[in-house]
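Q:
Protein chains: 2
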Amino acid sequence: MSQTVDRALSILPLLARGPADLGQVAGSLGVHKSTALRLLRTLHEHGLVYRQEDQRYRLGARLFALAQEAVESLDIREIAHPHLVRLNEETGHTVHLAVHEESEVLYIDKVDSRYPVRMYSRVGRPVAITVAAVAKLLLADLPEPERRALAAKLDYPMYTPRSVPDAAAFLRELAAVREQGWATDLGGHEESINCVAAPVRGADGRVVAAMSVSAPNVVVTADELLTLLPLVRRTADAISREYSGTTPAKDTA
Amino acid sequence: MSQTVDRALSILPLLARGPADLGQVAGSLGVHKSTALRLLRTLHEHGLVYRQEDQRYRLGARLFALAQEAVESLDIREIAHPHLVRLNEETGHTVHLAVHEESEVLYIDKVDSRYPVRMYSRVGRPVAITVAAVAKLLLADLPEPERRALAAKLDYPMYTPRSVPDAAAFLRELAAVREQGWATDLGGHEESINCVAAPVRGADGRVVAAMSVSAPNVVVTADELLTLLPLVRRTADAISREYSGTTPAKDTA
DNA sequence: CCCATCTGTTGCAATATATGCAACGGTCAT
DNA sequence: ATGACCGTTGCATATATTGCAACAGATGGG
Numbered sequence: 001m002s003q004t005v006d007r008a009l010s011i012l013p014l015l016a017r018g019p020a021d022l023g024q025v026a027g028s029l030g031v032h033k034s035t036a037l038r039l040l041r042t043l044h045e046h047g048l049v050y051r052q053e054d055q056r057y058r059l060g061a062r063l064f065a066l067a068q069e070a071v072e073s074l075d076i077r078e079i080a081h082p083h084l085v086r087l088n089e090e091t092g093h094t095v096h097l098a099v100h101e102e103s104e105v106l107y108i109d110k111v112d113s114r115y116p117v118r119m120y121s122r123v124g125r126p127v128a129i130t131v132a133a134v135a136k137l138l139l140a141d142l143p144e145p146e147r148r149a150l151a152a153k154l155d156y157p158m159y160t161p162r163s164v165p166d167a168a169a170f171l172r173e174l175a176a177v178r179e180q181g182w183a184t185d186l187g188g189h190e191e192s193i194n195c196v197a198a199p200v201r202g203a204d205g206r207v208v209a210a211m212s213v214s215a216p217n218v219v220v221t222a223d224e225l226l227t228l229l230p231l232v233r234r235t236a237d238a239i240s241r242e243y244s245g246t247t248p249a250k251d252t253a
Numbered sequence: 001m002s003q004t005v006d007r008a009l010s011i012l013p014l015l016a017r018g019p020a021d022l023g024q025v026a027g028s029l030g031v032h033k034s035t036a037l038r039l040l041r042t043l044h045e046h047g048l049v050y051r052q053e054d055q056r057y058r059l060g061a062r063l064f065a066l067a068q069e070a071v072e073s074l075d076i077r078e079i080a081h082p083h084l085v086r087l088n089e090e091t092g093h094t095v096h097l098a099v100h101e102e103s104e105v106l107y108i109d110k111v112d113s114r115y116p117v118r119m120y121s122r123v124g125r126p127v128a129i130t131v132a133a134v135a136k137l138l139l140a141d142l143p144e145p146e147r148r149a150l151a152a153k154l155d156y157p158m159y160t161p162r163s164v165p166d167a168a169a170f171l172r173e174l175a176a177v178r179e180q181g182w183a184t185d186l187g188g189h190e191e192s193i194n195c196v197a198a199p200v201r202g203a204d205g206r207v208v209a210a211m212s213v214s215a216p217n218v219v220v221t222a223d224e225l226l227t228l229l230p231l232v233r234r235t236a237d238a239i240s241r242e243y244s245g246t247t248p249a250k251d252t253a
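Line order of the protein sequences matches chains A and B.
The numbering used here numbers the first residue of the first sequence as 1 and each following residue consecutively.
The numbering used here numbers the first residue of the second sequence as 1 and each following residue consecutively.
(1) Is there at least one Cβ from chain B nearer than 8 Å to T156(A)'s Cβ?
(2) Straight-line CA distance for V314(A) to A183(A)?
(3) Verify whether the separation of the beta carbon atoms of L137(B) and R147(B) is less than 8 Å.
(4) Would you report the Cα separation of Y50(B) and K33(A), rounded to the nearest angstrom?
(5) For M211(A), which residues in chain B fall below 8 Å Cβ to Cβ?
(6) Can you pull out the residues from the segment 47-61 of chain B whose beta carbon lies closer than 8 Å to at least one beta carbon of chain A?
(7) Just confirm the distance between the C-beta atoms of L59(A) and L97(A), as a whole number of angstroms; I'd bet it's less than 8 Å.
(8) Kindly indicate which three-state DSSP category E144(A) falls into: helix, strand or coil?
(9) Quick one: is D141(B) near chain A, going by C-beta distance under 8 Å?
(10) Measure the alpha-carbon distance for M1(B) versus Y243(A) and round it to whole angstroms.
(11) Checking contacts by CB at 8 Å: is T4(A) closer than that to chain B?
(12) When DSSP labels each residue in this structure, what does H83(A) get in the three-state scheme?
(13) Find the residues of chain A that neighbour P126(B), judging by a C-beta separation of less than 9 Å, and give them in chain order.
(14) So T42(A) contacts chain B; which residues on that side make the cut at Cβ distance below 8 Å?
(15) For chain A, find out if any of its Cβ atoms is closer than 8 Å to the Cβ of E104(B); answer yes or no.
(16) Just curious, the beta strand (DSSP E) that A183(B) is in, first and last residue?
(17) When you compare only the Cα positions, how much space is there between D75(B) and E69(B)?
(18) For D141(A), which option in L48(A), P126(A), L40(A) and A209(A) has the closest C-alpha, if you only look at C-alpha atoms?
(19) Which runs of the beta strand (DSSP E), 3 residues or longer, sit entirely within the segment 16-93 of chain B?
(20) For a contact meaning CB atoms closer than 9 Å, what does E45(A) contact in chain B?
(21) According to DSSP, simplified to helix, strand and coil, what is E190(A)?
(22) Tell me, please, which residues DSSP counts as bridged to L139(A).
(23) DSSP three-state label for A203(B), please.
(24) When the Cβ atoms of the segment 197-215 of chain B are set against those of the segment 94-108 of chain B, are three or more pairs found closer than 8 Å?
(25) Mind checking whether L29(B) and R7(B) have CB atoms under 8 Å apart?
(26) Note down the Cα distance separating E179(B) from Q52(A), rounded to an integer number of angstroms.
(27) Once DSSP output is grouped into helix, strand and coil, what is the label at A132(A)?
(28) List, in order along the chain, the chain B residues whose C-beta lies closer than 8 Å to that of V71(A)?
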């Protein structure tokens, strides 16, 4: 909507893939070098872009700081964190908290397994939206039309043979999840990893976040993991209660 | 340098302090509501800003993704990480990796203590630059004039009675650190926490990062922590060698 | 050693682009 | 029902952005 800002912001994802020099930036934007220079300077002043010694540009420090502040101002996260820690202590497995935003689902908190098994996930990273248990819960709660629209425009990568294959299957799965009030991912993202998840609800009953417990087959079987379901649900409910109760509407400014 | 972009980017730190509605944003920028609207829309299209259900704006998801990609594209971090993990396993203490950028020093990686003691630090967060051991190492390596200029414009908050009080003391400390090739922070940031740090150097000998081991008094005394110095230095040197050796200059594009 | 080349930088004129205004539409509370 | 409030849109104006061309500094080859 604003050409100048649009161009400037297009630089960021470009630099996210690695440092680039002025010419490359100008080329990618399809603008004159001098224009790119001025945009980069403005980004630089705001700390979003950093100029390394070889004159090339890379993403800057303020970006981290902003992301930090943003994630910390999500109050669900603060409320939920101690519960995640406790669940992790009780089960020993990796615990995730995720929210839905726009057409993505992303992890906003994580407590790592005590077992020396690494899962590839990271706070701030988008979730495999078509298969993750937390994603199913968050999307299942969307109003019907939105759900259909979103399901239609998603890609359905077959991470494993058990991945959800297409929009129709996904919508069926969401309907089932919506009914039962919890969700699983049994090897749909990574062959040997299973998850069980439960929703966190706001005062109005809408799903505001979802939490999951994940563990690889080598540690516990899917059936064993499912025995944790009541505990996961109780934890999610505890978070829901606390979140609904407090909700301090900060309106100072 | 570019007014439009400048205004648009000024919105980000504003929203970092919590959600705001259109009027508040326009007010803070000193522009007409319609102008603010269009800027916000552009930010929104790029995913940097998210509009929550109550119509207010908050920082958006792509910001996390960008910060992630940025931090992951730092190859020092990738090389160093396994070394940090090992050092953590050997000592049991919290291990940090930090780099210098612009007039900040920031943590780019961290492996938490196995002891149940929490330190307040976070990947991406700026370091207490006047007292942290890693900061001393990174700044000590700057060319003389830059070092003086930076020291002069810093603030010297007295976190504790042992904090570095002013620019003169700081420069003396940096000179000492430069000589000895390692640094400490003995209760200069938090009364009961000590750190020892060692530099990671590039092929040209310049300090490109610094790593530290931190532990509270209640776990080990400062003297005991200092006995780890040789181990910390060996680890840092190992990272330096690996970093200097490989340095894959990616020039594909 | 000098010249050619490449990248980043600045001043300037032209015009495309962002801006503020005013009017509209929706929502909520009175 | 009515008024106030907030977000939204079209439009004319003028301002801020753009590309150009010329410059500067570094790099490398002849």
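We treat Cβ as the ideally placed atom computed from N, Cα and C, and that holds for glycine.
A: Taking the coordinates as given:
(1) According to the sequence shown, residue 156(A) is Tyr rather than Thr. By this cut-off, Y156(A) is not an interface position.
(2) Absent from the model: residue 314(A). The displayed extent of chain A is 1 to 253, so no value can be given.
(3) no
(4) 31 Å
(5) Chain B residues near M211(A): none, gap ~18 Å exceeds 8 Å.
(6) G47, L48, Y50, R58, L59, G60 and A61
(7) The Cβ separation is near 26 Å, so there is no contact.
(8) helix
(9) no
(10) Computed Cα separation, rounded: 44 Å.
(11) yes
(12) helix
(13) A61, F64 and A65
(14) The answer, in chain order, is M1, S2, V5, D6 and L9.
(15) Taking a beta-carbon distance threshold of 8 Å, E104(B) counts as an interface residue toward chain A.
(16) A183 to L186
(17) 11 Å
(18) Scanning L48(A), P126(A), L40(A) and A209(A) for the CA closest to the CA of D141(A) turns up A209(A).
(19) 49-51 and 57-59
(20) M1, D6 and L9
(21) coil
(22) According to DSSP, L139(A) bridges with nothing at all.
(23) coil
(24) Contact annotation: the segment 197-215 of chain B touches the segment 94-108 of chain B, with at least three C-beta pairs closer than 8 Å.
(25) The answer is yes: Cβ separation under 8 Å.
(26) Approximately 26 Å between the Cα atoms of the pair.
(27) Coil, per DSSP.
(28) F64
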